[in-house]
Amino acid sequence: MIRSLRKHGAAGLGRDAIHHVRSLFPGCLVSVVVALAATFLSEHYGGPVMLFALLLGIAFNFLSVEGACKPGIDFTSRTVLRFGVALLGVRITVSDAMMLGPAPILLAILGVATTIGVGVFLARSLRFPALFGLLTGGAVGICGASAALAIASVLPKREGARESDVIFTVVVVTTFSTIAMVLYPILLKQGLFSDAQIGIFLGATIHDVAQVVGAGFSISTEAGDAATLTKLLRVAMLVPVVLSISFFVSRGQSEGRVSVPGFLLGFVALVAINSLGLVPPVVATALSDLSRWALVAAIAALGMKTMLGQIVTVGPRALILILLETIWIAALGLAVVWFL
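Just so we're aligned, residue 9 is where the sequence shown starts under the working numbering, counting upward by one.
Spelled out as structure tokens, the structure:
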């Protein structure tokens, strides 16, 4: 009898798992299709893939309201997102981070900490919640859209407005990052800095990884390498920042019990394994590509969950907030590169 119960129980669990996967499939599939379309547009017509994914996702907002696609869209916007952020760790090694000396490390720490602080201060001055300043400051200070998504995943929901805040932040930060990718190299090609210094500045101030790479290698290979490594140092700051946010959120909501997000543990584990040289280059490239696809699909799903009307309600003051944060980190980066 016990064996029979075990058998039927296992069969029931199997059927439940299959049913769960089937319920997620339509929403996950449409998110991947939108990600593919966004990638095609980015590769053939130029422009940030994240921005294309957002705009296309918003156009399909009706799919997330109700129906077969809703569970999969919710799953992609949260679980697949965290999976993609965890895989970012495969891009970083400790030895690469130490090669450029103290300036990039100092810029990564100072840039992230002060930009978040400035974001929270300006948010309160502009009559926004401190959490919105934390979100925008983290996006500007760390790694743009990826940081915004990671930080949002551990923030408490605020009267249902979190998705619109994240979408607005991603759109504006990606736009400013693209402008910086074009503008910064033009302004810095005046002979005042070496290619390595220019690369460090670009990596320390441009928001998104793709735009950093584009700006750096448009100057020289040396500038591109320095920009990429400096940027990855900022990406590594994602762990202490999100962990700190998770700590304070958990402390405020669960009587001191701290929940460490699993995707952060995965991020740290991949950095450690990659630093020990245990990840073959082919595998590292594959995981990096998988991370990119996961994040593009997640942001497409997030776009589907947001209405244009919600974005508009954030208002022009939020645009000013992110612009001031961008100016702050650029000024700080210029000062550190100049004096060091």
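A virtual CB, placed ideally from N, CA and C, is assigned to each residue, including glycine. In this text the structure is predicted, and so the values were computed from the model without any measurement.
- Within the model, the alpha-carbon separation for residue 63 versus residue 162 is close to 24 angstroms.
- Residue 216 sits away from residue 238, with the two beta carbons spaced by 8 angstroms or more.
- When secondary structure is reduced to three states using DSSP, residue 47 falls in the helix class.
- For residue 127, the enclosing alpha helix (DSSP H) covers residues 110-133.
- Annotated as proximal: residue 61 and residue 307, with beta-carbon spacing under 8 angstroms.
- Annotation for residue 82: the continuous alpha helix (DSSP H) segment containing it runs 78-83.
- Residue range 289-312 is occupied by the alpha helix (DSSP H) that includes residue 290.
- In the structure shown, the three-state DSSP call for residue 239 is helix.
- DSSP, reduced to helix, strand and coil, places residue 333 within a helical segment of the structure shown.
- Taking residue 65 as the centre and dropping the five residues before and after it, the same chain places the C-beta of 42, 308, 311, 312 closer than 6 angstroms to its C-beta, in chain order.
- Under the three-state reduction of DSSP output, residue 74 falls in the coil class, being neither helix nor strand.
- Per the coordinates, the alpha-carbon of residue 47 lies some 29 angstroms from the alpha-carbon of residue 324.
- Residue 337 sits away from residue 177, with the two beta carbons spaced by 8 angstroms or more.
- Of the other Cβ atoms in all chains shown, fewer than 16 fall within 10 Å of the Cβ of residue 229; this residue is therefore exposed.
- Contact fails between the stretch 186-196 and the stretch 146-158, because fewer than three Cβ pairs, one in each stretch, are under 8 angstroms apart.
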